[in-house]
Amino acid sequence: MQSVTQPKDLGSYLKSRRAQLDPNALGFHTARRRTPGLRREEVAHLACISATWYTWLEQGRGGTPSAEVLDRICQALRLSEREREHVFHLALGRAPGIHYAATGTVTERLQKVLDCMPISPAVIRNATWDVLAWNKAATVVLSDYPTLPVQERNILRRIFLNPQARAAQSDWYALARYLVAAFRADATRAGASVEIRPLVEELSSASPEFAALWQSNDIGGMGEGTKILLHRNVGKLSLEYSSFSVEGQPDLTMVVYNPSEEEDAQKIRSLL
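Residue numbers in the sequence shown follow the numbering used here, run continuously in steps of one, and reach 760 at the last position.
Following this line, the structure appears as structure tokens:
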């Protein structure tokens, strides 16, 4: 069990964030201010709480606020997701509930990480399992992502609705079952249960196999393992995969496939 930090630590942090806000930008008059930032009563007004109680909170004697109140205070102070998480740890000793924010692109630095792996196919996907970024090896081993319409870059659509992608799997049903269980867990972890509904409805309607697997309510995870591909040009490929969460972006996951043997590495080099 995590210990909750002393109230004075929370109060000190809230006070420091309040001092950094621009009253004018938030619609408050700036005349006759002795100190920078918002006044306590202004933060309380924005958070819809008592000014007296907020003052006590900054002084370390306001008691433990609820998660709902903490969220309103964080919004009033215009805190980032990382700052919001820090406030929750200070006040409640735990992380806040996830606010899902879909990511449409990856940073240049993340793309460089992918590109630094010349013979290891690697992709970054979001919580709805749309592939957002890839390296050259991924385009010749997994799918030629740059040539695909954006909608077809979804991993589940390709596995369940694309005959070529299905034929490339050595044990399609085992893979499909594994992926659906991992997809459900990923979406829940990222707080994207609402956002995945259109995709789930589409796949359930188009694929009885997906519908049955989704209704089973199995939960799994990508983690690590071995994937066997039946590549149309080089035949059987054995790849060891590992998945990694992208810090600060809970909806993004990087999946890296390393050739299992030198023979597999040579086959990938021939494709490149």
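Quick reminder that beta carbons are idealized off the backbone N, C-alpha and C, glycines included. Keep in mind that this is a model prediction, so the values were computed, not measured.
Per-residue burial, residue i [other beta carbons within 10 Å of its own, 16 or more giving buried]
| i | result |
| --- | --- |
| leucine 760 | exposed |
| tyrosine 501 | buried |
| histidine 574 | buried |
| glutamate 751 | exposed |
| glycine 499 | buried |
| arginine 685 | exposed |
| leucine 740 | buried |
| valine 531 | buried |
| proline 513 | Reading off the sequence, residue 513 comes out as alanine, not proline. Flag for alanine 513 reads exposed. |
| alanine 555 | exposed |
| methionine 489 | Here the model assigns methionine 489 a pLDDT of 40, short of 50, so the residue's position is not dependable and the matter cannot be decided. |
| proline 609 | buried |
| arginine 572 | buried |
DSSP-derived helix/strand/coil call for residue i
| i | result |
| --- | --- |
| aspartate 674 | helix |
| aspartate 618 | strand |
| alanine 610 | strand |
| glutamine 547 | coil |
| glutamine 508 | coil |
| methionine 489 | Bear in mind that the predicted position of methionine 489 carries a pLDDT of just 40, short of 50, making it too unreliable to give a figure here. |
Cutoff 8 Å; reference residue i; Cβ partners in own chain excluding five residues on either side
| i | result |
| --- | --- |
| isoleucine 537 | Val557, Arg560 and Ile561 |
| arginine 613 | Val619, Leu620, Ile643, Leu740, Thr741 and Val743 |
| isoleucine 607 | Ala625, Pro747, Ala753, Ile756, Arg757 and Leu760 |
| methionine 605 | Asn623, Ala625 and Val744 |
Contact check, residue i vs residue j, beta carbons under 8 Å
| i | j | result |
| --- | --- | --- |
| alanine 675 | alanine 615 | yes |
| glycine 709 | alanine 673 | yes |
| leucine 687 | leucine 644 | yes |
| leucine 578 | alanine 656 | no |
| tyrosine 745 | lysine 724 | no |
| alanine 507 | threonine 518 | no |
| valine 601 | isoleucine 756 | no |
| tyrosine 542 | arginine 528 | yes |
| leucine 509 | leucine 565 | yes |
| glutamine 618 | asparagine 642 | Just to set this straight, residue 618 is aspartate in the shown sequence, not glutamine. A contact, by the Cβ cut-off of 8 Å. |
| arginine 570 | phenylalanine 576 | no |
| leucine 534 | proline 511 | no |
| alanine 664 | phenylalanine 648 | yes |
| arginine 646 | serine 631 | yes |
| proline 738 | alanine 694 | no |
| glycine 548 | lysine 496 | yes |
| serine 681 | glycine 711 | no |
| leucine 767 | arginine 505 | Nothing about residue 767 can be reported from this structure: the residues present for the chain run from 489 to 760 only. |
Residues near residue i by beta carbon distance below 7 Å, same chain, minus five either side
| i | result |
| --- | --- |
| tyrosine 666 | Gly708 |
| threonine 627 | Tyr633 and Pro634 |
| serine 733 | Thr741 |
| serine 491 | Bear in mind that the predicted position of serine 491 carries a pLDDT of just 46, short of 50, making it too unreliable to give a figure here. |
Cβ shell of residue i (< 6 Å), same chain only, five flanking positions each side left out
| i | result |
| --- | --- |
| aspartate 603 | Asn623 |
| glutamate 728 | Thr714, Asn746 and Ser748 |
| alanine 699 | Ser692 |
| valine 611 | Val619, Trp622, Ala626 and Val743 |
Mind listing, in chain order, the continuous beta strand (DSSP E) runs of no fewer than 3 residues lying wholly within the segment 705-760?
712-719, 723-734 and 737-747
Secondary structure, alpha helix (DSSP H): runs of 4+ residues fully inside the segment 621-646
624-629
4 or more residues per run - each alpha helix (DSSP H) lying fully within the segment 531-575
539-546 and 555-564
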